[in-house]
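Numbering (our numbering), first residue to last: 554 to 1013.
Below is one structure, written out as structure tokens, with a few remarks after it.
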Amino acid sequence: LATWDHGGLHSHDATRMEDELTSAYGMDVRGGGLRDWNEELQSAREMPRESFVERMERARVVHRILVDFGDASLAGVKAILDGYILPMNPNEPARSHVYFHNNIFFSRAVDSGLDTFKIVQGDAAARKSASKDASNVGVLHRLDVAGLHTLATVLVEYLGSRIVCQSVVPGILHGEKSHSLLYGAVETLSALRCDKEMHELLERSIGEGCMVATRSVPAHPLTDERMEVVKKHRIAPLPGMEEKSAEEDAKGGAMIKVCGPVEMKGILGSDKRKYVLDCTRLTPRDANWVSLSCGGTGRWEDHGASQQTGAKSSRLVPSTLDDDEWTACVLRPELVTGYAEMKIGEHLREKKDDTKTEIDPSPDAKPSEDKKDDEEQWVNVPGEEKKPRSDKEPADLEKKELNGIPTLAKAEDEYIRSLRYNVNVFLPFTRSMEAMDGEEHEQLRRDEEEARSLARHLWD
554 LATWDHGGLH SHDATRMEDE LTSAYGMDVR GGGLRDWNEE LQSAREMPRE SFVERMERAR
614 VVHRILVDFG DASLAGVKAI LDGYILPMNP NEPARSHVYF HNNIFFSRAV DSGLDTFKIV
674 QGDAAARKSA SKDASNVGVL HRLDVAGLHT LATVLVEYLG SRIVCQSVVP GILHGEKSHS
734 LLYGAVETLS ALRCDKEMHE LLERSIGEGC MVATRSVPAH PLTDERMEVV KKHRIAPLPG
794 MEEKSAEEDA KGGAMIKVCG PVEMKGILGS DKRKYVLDCT RLTPRDANWV SLSCGGTGRW
854 EDHGASQQTG AKSSRLVPST LDDDEWTACV LRPELVTGYA EMKIGEHLRE KKDDTKTEID
914 PSPDAKPSED KKDDEEQWVN VPGEEKKPRS DKEPADLEKK ELNGIPTLAK AEDEYIRSLR
974 YNVNVFLPFT RSMEAMDGEE HEQLRRDEEE ARSLARHLWD
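Below you can see the structure in the form of structure tokens.
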């Protein structure tokens, strides 16, 4: 008989009852006060790192804080699901309950409803998005860009529920005046925001480090049909909020620059640090999991037609791609990096062949008199040291030798910049830009074709 404890005997523990009575559910009561996880983490990241010893000490402190945060999150999740901690919103359904315990914010990875701005719908898509968000937070943490801050994030699976545990942005629980939204949108009916300094910071971090392109998107990216559904089912706002929404609706036809997913938010906390939240995508959506009618590669339809229907194939291959769960299927960063390196290698080989053709136009060509004179100046004379040219400056010589050869500094930088990918392709319920900006619409079509070629490379 297979049991959850694999047939093990329940051993007697005399201190188990005492642990239940004296448990603090992850809080360290010995220090007198609760730990401010966010301040500890950000202060550790701002430690000096000039020397090797300083970098080692900084990494040790950051690792210790993250380990303690993980242990406290696990203890808090157990206490929450066991019913020992009350939610902050007890009047709402149980699936929407959020908790604040030990300076950690707990929430379930489920669909948050229509009021919150998001692209995907459904609990399955929300679970995958939470996993992608936690993974991308780790990527941004490893980039370690000065001025860009992320929250301590842990995902805990316990009793069939996925709980997102995060440290708290300073001031976010004390009203709108203590913090400000710089990037993205929180509510569905609100227009996207784009702060110039925050955008430049994201371009230096996500754009350069993760090959994410900057593209223009509508200030209200969702379609009119989707917006009408939200207006019909949302809770009626306060009178002051209605005026604010009317002012933002007047900006609905505007276009803004975005570097990253449209769901991403940039918040300026009360400590004047800039935080990034809800970074659900750093790579494009996998076009193999997009139906052919929506712009996908069509490989899924071809595979379904070639396979015989059976019990095994019906369990492994989905019957339809209309579910929003497949919207969270994105390409792996290793694939994007490998594909970009392959294209850069091909580009350099083409440049090398073009350079050889320009330098050696024909094998029978005779060397010029200038070249003979230059070669004679470098001939070794017995008893004398080899001397450099005296009649020509080194800078002039380099210009002559590299005549017709493009420098790698600017040309290659522009080519590498052109390899950045748009992570906002093949998204459902998004507004078409064809009538708003024809140039950006064509750029989106090129980005979608590039994402399809990347997906075909993965499939093949």
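We put the CB at the ideal spot given by N, CA and C, even for glycine.
Item to check | Beta-carbon contacts of His900 that lie in its chain and below 7 Å, excluding the five residues immediately before and after | outcome: On the sequence shown, residue 900 is found 347 positions in, with the first residue counted as 1. Counting only Cβ-Cβ distances below 7 Å, and skipping sequence neighbours, we find Tyr968.
Item to check | the stretch 585–596 touching the stretch 697–713, judged by at least three CB pairs closer than 8 Å | outcome: Contact holds: three or more Cβ-Cβ distances are below 8 Å.
Item to check | Coarse secondary structure for Phe622, derived from DSSP in three states | outcome: As a working note, residue 622 is residue 69 in the sequence shown. For Phe622, the secondary structure class from DSSP, reduced to helix, strand or coil, is helix.
Item to check | Inter-residue Cα distance where the pair is Pro774 and Val815 | outcome: Taking the first residue of the sequence shown as position 1, residue 774 is located at position 221. Taking the first residue of the sequence shown as position 1, residue 815 is located at position 262. Rounded to whole angstroms, the gap between the alpha carbons of Pro774 and Val815 is 8 Å.
Next on the checklist: Could you check whether Val889 and Thr833 sit closer than 8 Å to each other, using their CB atoms as the reference points?
Outcome noted: As a working note, residue 833 is residue 280 in the sequence shown. As a working note, residue 889 is residue 336 in the sequence shown. No.
Checklist entry - Name the DSSP beta bridge partners of Gln996, please? => result Within the sequence shown, residue 996 is the residue found at index 443, counting from 1. In DSSP, Gln996 forms no bridge with anything.
Checklist entry - How big is the Cα-Cα spacing for Asn689 and Asn655? => result The residue labelled residue 689 in the question sits at position 136 within the sequence shown. The residue labelled residue 655 in the question sits at position 102 within the sequence shown. The alpha-carbon separation between Asn689 and Asn655 amounts to approximately 24 Å.
Item to check | Selected residue, minimal CA-CA separation from Arg695, among Ser758, Leu830 and Lys963 | outcome: Taking the sequence shown and counting its residues from 1, the one referred to as residue 695 is at position 142. Ranking Ser758, Leu830 and Lys963 by Cα distance to Arg695 puts Ser758 first.
Item to check | Counted within 10 angstroms of its Cβ, other Cβ atoms place Cys812 as buried (16 or more) or exposed | outcome: Translated into the one-based positions of the sequence shown, residue 812 becomes position 259. Of the other Cβ atoms in all chains shown, 16 or more fall within 10 Å of the Cβ of Cys812; this residue is therefore buried.
Checklist entry - Do three or more CB pairs link the stretch 877–896 to the stretch 838–851 at distances below 8 Å? => result A contact exists between the stretch 877–896 and the stretch 838–851.
Checklist entry - Can you tell me whether DSSP reads Arg680 as helix, strand or coil? => result One-based indexing of the sequence shown puts residue 680 at position 127. Taken through DSSP and simplified to helix, strand or coil, Arg680 comes out as helix.
Next on the checklist: My output table needs one value for Val698: the three-state DSSP class, helix, strand or coil.
Outcome noted: In the sequence shown, counting from the first residue as 1, residue 698 sits at position 145. Taken through DSSP and simplified to helix, strand or coil, Val698 comes out as coil.
Item to check | Range of the contiguous alpha helix (DSSP H) that encloses Gln595 | outcome: The residue given as residue 595 occupies position 42 in the sequence shown. That run of the alpha helix (DSSP H) goes Trp590 to Arg598.
Checklist entry - For Met751 versus Gly849, is the C-beta spacing smaller than 8 Å? => result For this step, residue 751 is matched to residue 198 along the sequence shown. For this step, residue 849 is matched to residue 296 along the sequence shown. With respect to Gly849, Met751 sits apart: the two C-beta atoms are not nearer than 8 Å.
Next on the checklist: Here's the rule: buried if 16 or more other CB atoms are within 10 angstroms of the residue's CB, otherwise exposed. What is Gly691?
Outcome noted: Working through the sequence shown from its first residue, we reach residue 691 at position 138. So Gly691 counts as exposed.
Checklist entry - Relative to the C-alpha of Gly666, which residue among Asp676, Ile657 and Phe658 is closest? => result If you number the sequence shown from 1, residue 666 lands on position 113. Of Asp676, Ile657 and Phe658, the smallest CA-CA separation from Gly666 is found for Asp676.
Checklist entry - Under 8 Å, do Ile672 and Leu745 count as touching if we go by C-beta distance? => result Translated into the one-based positions of the sequence shown, residue 672 becomes position 119. Translated into the one-based positions of the sequence shown, residue 745 becomes position 192. Taking C-beta atoms as the reference points, Ile672 and Leu745 fail to come closer than 8 Å.
Checklist entry - Smallest Cα separation from Asp668: which of Ser743, Gly991, Trp1012 and Ala1008? => result Residue numbering aside, residue 668 sits at position 115 when the sequence shown is read from its first letter. Here the closest residue by C-alpha is Ser743.
Item to check | Simplified DSSP assignment, three categories, for Glu965 | outcome: The sequence position of residue 965 within the sequence shown is 412, counting from 1. Glu965: helix per DSSP, three-state reduction.
Item to check | Ser731 - DSSP class collapsed to helix/strand/coil | outcome: Working through the sequence shown from its first residue, we reach residue 731 at position 178. Taken through DSSP and simplified to helix, strand or coil, Ser731 comes out as helix.
Next on the checklist: Let's test the definition: count the other Cβ atoms within 10 Å of the Cβ of His565 and tell me whether it reaches 16, buried, or not, exposed.
Outcome noted: For this step, residue 565 is matched to residue 12 along the sequence shown. Burial call: exposed.
Item to check | Counted within 10 angstroms of its Cβ, other Cβ atoms place Leu997 as buried (16 or more) or exposed | outcome: By one-based count along the sequence shown, residue 997 stands at place 444. With 16 or more other CB atoms across the displayed protein chains lying within 10 angstroms of its CB, Leu997 is buried.
Item to check | Same chain, Cβ closer than 7 Å to Ser971, neighbours up to 5 away in sequence not counted | outcome: Residue numbering aside, residue 971 sits at position 418 when the sequence shown is read from its first letter. Cβ neighbours of Ser971 beyond the five flanking positions: none.
Item to check | Integer Cβ distance of Ser496 from Gly737, believed to fall under 8 Å | outcome: Residue 496 lies beyond the stretch modelled for the chain, which goes from 554 to 1013, so this question has no answer here.
Checklist entry - Between the stretch 761–781 and the stretch 971–984, are three or more C-beta pairs nearer than 8 Å? => result Note that the stretch 761–781 touches the stretch 971–984; at least 3 beta-carbon pairs, one per stretch, sit closer than 8 Å.
Checklist entry - CB-CB under 7 Å to Pro771, same chain, minus the five flanking residues each way: which ones, in chain order? => result Counting from 1 along the sequence shown, the entry for residue 771 is found at position 218. Contacts found: Met808, Arg984, Met986 and Met989.
Item to check | Own chain residues within Cβ distance below 6 Å of Trp1012, not counting five before or after | outcome: Walking along the sequence shown from the start, residue 1012 turns up at place 459. Within the same chain, Trp1012 has close Cβ partners Asn841 and Arg852.
Next on the checklist: Once the 5 residues before and after Trp879 are set aside, which same chain residues still bring their CB inside 7 Å of it?
Outcome noted: Translated into positions along the sequence shown, residue 879 becomes position 326. Cβ-Cβ distances below 7 Å link Trp879 to Trp842 in the same chain, with the five nearest sequence neighbours on each side left out; the list follows chain order.
Checklist entry - Given a threshold of 16 other Cβ atoms within 10 Å of its Cβ, counted over all protein chains shown, does Thr741 qualify as buried or as exposed? => result Position 188 of the sequence shown, counted from the start, is the residue given in the question as residue 741. So Thr741 counts as buried.
Checklist entry - Asp876 to Asp621, Cα distance in whole Å? => result Walking along the sequence shown from the start, residue 876 turns up at place 323. Walking along the sequence shown from the start, residue 621 turns up at place 68. Approximately 38 Å between the Cα atoms of the pair.
Next on the checklist: Given this structure, state the Cα-to-Cα distance separating Ala577 from Lys785, to the nearest angstrom.
Outcome noted: Residue mapping note: residue 577 aligns to position 24 of the sequence shown, counting from 1. Residue mapping note: residue 785 aligns to position 232 of the sequence shown, counting from 1. Spanning the two alpha carbons is a distance of roughly 44 Å.
Checklist entry - Can you tell me the Cα-Cα spacing of Arg1009 and Glu1003, whole angstroms? => result Position 456 of the sequence shown, counting from 1, holds the residue named residue 1009. Position 450 of the sequence shown, counting from 1, holds the residue named residue 1003. Roughly 10 Å between the two C-alpha positions.
Checklist entry - From Glu965 to Asp1000, what does the alpha carbon distance come to, in whole angstroms? => result Position 412 of the sequence shown, counting from 1, holds the residue named residue 965. Position 447 of the sequence shown, counting from 1, holds the residue named residue 1000. Approximately 20 Å between the Cα atoms of the pair.
Checklist entry - Between the C-alpha atoms of Gly863 and Arg1005, what's the straight-line distance to the nearest angstrom? => result Taking the first residue of the sequence shown as 1, we reach residue 863 at position 310. Taking the first residue of the sequence shown as 1, we reach residue 1005 at position 452. For Gly863, the pLDDT reaches just 47, beneath the cut-off of 50, and the residue's location in the model is therefore unreliable, leaving the point undetermined.
Checklist entry - Which two residues bound the contiguous alpha helix (DSSP H) that contains His786? => result Locating residue 786 in the sequence shown gives position 233, counting from the first residue. For His786, the enclosing alpha helix (DSSP H) stretches over residues Asp777 to His786.
Checklist entry - For Arg530, does the count of other Cβ atoms within 10 angstroms reach 16, so buried, or fall short, so exposed? => result Beyond the ends of the chain as shown, which are 554 and 1013, falls residue 530; an answer cannot be given.
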